[in-house]
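Input: a single structure, listed below in structure tokens.
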Amino acid sequence: MAQETKSKQPETEYNKMAMAYKSPYERWKEAEGLPTIRGLSVPSLMDVELTPWASRGGSGVFVNLLGTGGFNDTYICEIPPGKSLNPIKHIYEETVFIVSGRGATSVWLDGGEKQTFEWGKHSYFAMPPNANYQHHNGSGTEPARYVAMTAAPRVIDTFKNLDFVFKNPFVFDDRFDGKAGYFTQADSPDPGGGWTTNFIADVDSSSKIATDSKARGGRTPGALGTGFNMVNSTVRSHASSWPVGFYKKAHRHGPGIHVLLLRGEGYSLMWKDGEPVQTVPWKPGTMFVPPEMWFHQHFNTGKEPCLFLAIGWGSEKPKAGGGAYVYKSLKEGGDQIEFEDEDPAIHKDYEEAIASVGATCEMGGLHPFCTSG
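Each residue of the sequence shown is one higher than the one before, starting from 9 at the first, in the working numbering.
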């Protein structure tokens with residue numbers, strides 16, 4: 009018995025040390041004075057309570073959802089009516105999605121001319137790394153709220169020096185050289201479904217979400233989608249819309265893909281092999297991040313087409329042991345579950361959910377377990 013007690017003591021002390029450890033990123037957040045939201049999802053970006061943020065000049069909250077795995081983060085920030093946030097620059101990448109309000113952002117290099125562009129609800133853009141920028145609220149009566157995804161966790165934890173991260177003189181002129189017109193929306197998506205543009209005035213614009221899902225492997229019958237490439241960065245994102253009565257095939261990928269719901273209602277199932285399935289209900293304003301290697305599947309149970317924006321990284325983290333995620337059938341060595349291979353209860357539950365709102369499952373002929381048409 010004495011030997012057993014001695015062997016457990018170092019483990020207990022180690023666990024205490026591990027629990028007490030705070031990474032450079034966590035210490036930076038603590039110094040900023042904001043709370044952190046954790047868990048699987050944020051039910052509504054519009055309703056999250058914010059805290060005064062002295063260093064930025066507005067109010068905000070950090071968001072570290074389970075699915076990020078320390079790979080990236082988000083924060084929610086609000087600009088008071090008629091005010092501007094304090095200027096800032098940093099070497100990590102950041103993308104901005106406007107949740108509500110209208111305003112403008114000024115961007116400039118040290119010693120260079122400012123470029124200012126206007127934005128409104130559901131605008132989407134990326135801040136060039138290490139360029140100075142400042143957000144302004146264009147309304148004198150209403151606050152403006154945005155959510156930003158950043159690479160702060162891994163950059164701050166890697167370099168462990170805040171002056172290097174926030175006061176670095178290096179210019180990434182391959183990303184932003186200060187030339188005028190940089191933040192003008194490109195005219196149209198590229199052939200093949202991509203869209204190279206540094207600014208999108210309104211993601212919720214059906215005229216631009218115009219690529220058939222077959223170009224993306226047919227994961228969702230009847231879906232439309234567009235991928236966005238911005239500021240020559242490693243960030244990759246896409247908008248996906250699909251009609252009433254349909255849902256997506258289950259698939260899995262690396263960490264940090266933030267899903268923001270813009271339109272429609274429904275739910276997503278997320279699960280790790282051998283563990284209970286988690287259900288995330290969603291509506292406009294919901295945000296969630298599927299954890300690494302968790303299967304997840306998105307279901308439209310509303311009476312209108314749904315639309316989401318997914319923001320992550322093109323250089324996504326590979327699987328353990330190397331190798332990329334491949335969106336083909338598990339039976340072929342991929343990371344997607346075909347409809348015929350899913351648990352029949354999944355489709356049964358969906359038919360019941362869609363019927364409860366007076367709509368009909370439209371997957372007859374496409375899904376082997378469908379009882380409609």
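The C-beta atom is built at its ideal place from N, Cα and C for all residues, glycine as well.
Proximity to residue i [Cα-Cα], best of the options
i    : options                   : result
P151 : A134, G128 and K168       : G128
E101 : E346, S241 and D118       : S241
A318 : T103, I164 and T204       : T103
N94  : A209, N145 and H130       : N145
G272 : K257, K256, P292 and A361 : P292
Q142 : G66, G264 and K356        : G66
A139 : E34, T166, H98 and P299   : H98
E312 : Q305, A62, Y255 and M238  : Y255
P32  : Y154, P60, T113 and V173  : V173
Y154 : V163, F133, N169 and A328 : F133
F307 : D357, L58 and P352        : D357
R35  : D165, E359 and G148       : D165
T113 : F125, G120 and L315       : F125
E121 : T158, V56, A188 and A62   : A188
D210 : R183, S108, I96 and T368  : S108
S131 : E38, W290, T192 and I96   : T192
T76  : C314, H261 and L374       : H261
I84  : V115, T59, I96 and M278   : T59
L170 : V288, K37, V239 and R110  : K37
For residue i: DSSP bridge partner residues
i    : result
A156 : Y83 and V104
C314 : W250
V243 : W321
G189 : Partner(s): none; G189 has no beta bridge.
G373 : Paired residues: none, contrary to the question.
R271 : L315
T234 : A247
T124 : S114
A332 : Partner(s): none; A332 has no beta bridge.
L277 : T287 and Q305
M295 : V50 and L268
F207 : F133
H259 : H304 and Q344
S337 : Q344
Short Cβ contact (8 Å threshold) for residue i with residue j
i    : j    : result
T44  : F70  : yes
G253 : E370 : yes
F180 : P251 : no
F303 : S276 : no
H259 : D343 : yes
A28  : D81  : no
L268 : F105 : yes
G202 : G235 : yes
G282 : T309 : no
E360 : T379 : no
G47  : G90  : no
G320 : R244 : yes
T294 : V50  : yes
K257 : E346 : yes
Buried versus exposed, by CB contacts within 10 Å (16 or more), residue i
i    : result
A223 : Low confidence applies here, because A223 scores a pLDDT of 37, under 50, leaving its location unreliable; read the following figure in that light. Exposed is the call here.
V365 : exposed
T219 : Unreliable placement is indicated for T219, whose pLDDT of 49 sits below 50; the coordinate value is still reported in the next sentence. That one is buried.
N72  : buried
P326 : exposed
D353 : In the sequence as presented, Asp is not what sits at residue 353; that position holds Ala. Exposed, by the Cβ-count rule.
A156 : buried
F178 : exposed
A62  : exposed
P300 : As written in the sequence, residue 300 is Glu, which differs from the Pro given in the question. Under this definition E300 is a buried residue.
H375 : buried
P298 : buried
N206 : buried
T158 : buried
F316 : buried
Span of the beta strand (DSSP E) around residue i
i    : result
H144 : N140 to N145
W302 : Counting along the chain, W302 falls outside any beta strand (DSSP E), and DSSP gives it neither H nor E.
H98  : Neither: H98 is in no beta strand (DSSP E) and is coded neither H nor E.
Y132 : Y132 to M135
R46  : That residue, R46, is in no beta strand (DSSP E); it is neither H nor E in DSSP.
V288 : Q286 to W290
P60  : T59 to W61
T368 : Run containing T368: none; DSSP gives neither H nor E here.
Residue interval of the alpha helix (DSSP H) (run including residue i)
i    : result
Y358 : P352 to A363
L117 : No alpha helix (DSSP H) holds L117; DSSP gives it neither H nor E.
A39  : P32 to E40
F70  : Run containing F70: none in the alpha helix (DSSP H); it sits in the beta strand (DSSP E), G66 to V71.
V173 : L170 to F174
Cutoff 8 Å: residue i Cβ touching any chain B Cβ
i    : result
G262 : Going by chain labels, chain B is absent from the structure shown, which holds only one protein chain.
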